[in-house]
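Student: Take this structure first; my questions come after.
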Amino acid sequence: MSADDVKIDDRGWRDVKKLLAVVRASPYVDTGVFEGSGEYADGTPVAEIAAIHEYGTRDGRIEPRSFVRAGLEKADAELTRLQENLVHDYLAKRLSWGDLQKRLGEAGVKAIQDRITSGGVTPKLAPSTIARKGHDIPLYDTGTLVNAVSWRPGK
2 MSADDVKIDD RGWRDVKKLL AVVRASPYVD TGVFEGSGEY ADGTPVAEIA AIHEYGTRDG
62 RIEPRSFVRA GLEKADAELT RLQENLVHDY LAKRLSWGDL QKRLGEAGVK AIQDRITSGG
122 VTPKLAPSTI ARKGHDIPLY DTGTLVNAVS WRPGK
């Protein structure tokens with residue numbers, strides 16, 4: 002057998018390597034409230050308030066009211082199924098990596114926003130706060146925070 006008799010069939014491996022090179026450049030999406038997401042009427046950055054509510058304050062005056070982590074955790078099974086389907090479509094070349102990230106990012110945003118608007122954030126508001134605000138949904142007053150939730154390609 003000579004070298005001329007050997008035929009190399011990479012079975013699409015070169016294409017897969019190209020697809021994975023795109024993934025390596027931006028392998029995930031970030032979802033949350035990012036710096037530059039806007040300000041409240043008093044000039045306080047929305048991202049600062051989001052971080053305070055997500056993690057609480059060091060002095061314990063404000064308890065954590067996780068909406069980012071808790072929202073994504075609640076939707077974990079749904080987001081995992083979506084991710085698997087999107088990756089399959091990407092590898093089959095039915096979807097671009099940018100479109101995959103967009104769809105996954107938007108699903109993450111929806112999960113976080115739903116956590117807020119459904120009233121699922123804990124701890125619940127104090128009775129005095131409910132009386133002052135006129136509703137019992139933590140982290141939802143003007144809609145500024147919920148509307149600041151977004152996604153971006155991760156690096």
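Each residue of the sequence shown is one higher than the one before, counting from 2 in our numbering. By construction, the Cβ of each residue, glycine as well, lies at the ideal position given by its N, Cα and C atoms. From a predicted model like this one, the values you see are computed outputs, not experimental measurements.
#1: Please state the DSSP three-state secondary structure of residue 11.
#2: Please classify residue 24: does DSSP put it in a helix, a strand, or coil?
#3: Using a 10 Å radius around the Cβ and a threshold of 16 neighbouring Cβ atoms, would you call residue 54 buried or exposed?
#4: Give every residue of the same chain whose Cβ lies closer than 6 Å to the Cβ of residue 65, excluding the five residues on either side of it in the sequence, and list them in chain order.
#5: Please classify residue 117 as buried or exposed, where buried requires at least 16 neighbouring CB atoms within 10 angstroms.
#6: Out of 108, 97, 8, which one is the CA nearest neighbour of residue 22?
#7: Please name the residue in 137, 123, 122 whose C-alpha comes closest to that of residue 129.
#8: Give the DSSP-derived three-state secondary structure of residue 33 in the structure shown.
#9: Could you give the DSSP three-state label for residue 128: helix, strand or coil?
#10: I need the DSSP call for residue 1, collapsed to helix, strand or coil.
#11: With DSSP run on the structure shown, which of helix, strand or coil describes residue 85?
#12: Per DSSP, residue 152 forms a beta bridge with which residues?
#13: Looking at C-alpha atoms only, which residue of 155, 145, 146 is the closest neighbour of residue 103?
#14: Do you know offhand how far residue 79's Cα is from residue 5's?
#15: Would the region 8-22 count as touching the region 140-154 if we require 3 or more Cβ pairs under 8 Å?
Tutor: On the basis of the supplied data:
#1: Of the three classes helix, strand and coil, the one that applies to residue 11 here is coil, per DSSP.
#2: Under the three-state reduction of DSSP, residue 24 is assigned to helix.
#3: Result: buried.
#4: The beta carbon of residue 65 sits closer than 6 Å to those of 56, 57, all from its chain and outside the five residues before and after it, given in chain order.
#5: The residue in question, residue 117, is buried, as its Cβ has 16 or more Cβ neighbours within 10 Å.
#6: For residue 22, the closest alpha carbon among the candidates 108, 97, 8 is that of 97.
#7: Of the candidates 137, 123, 122, 137 places its Cα closest to the Cα of residue 129.
#8: Of the three classes helix, strand and coil, the one that applies to residue 33 here is strand, per DSSP.
#9: Here residue 128 sits in helix by DSSP.
#10: With the chain covering 2 to 156 only, the question about residue 1 has no answer from this structure.
#11: DSSP places residue 85 in helix when its eight states are reduced to three.
#12: DSSP output for residue 152 lists 32 as bridge partner(s).
#13: Nearest option by C-alpha distance: 155.
#14: Each residue's Cα considered, the two are about 51 Å apart.
#15: The region 8-22 and the region 140-154 do not touch, with fewer than 3 CB-CB distances between them shorter than 8 Å.
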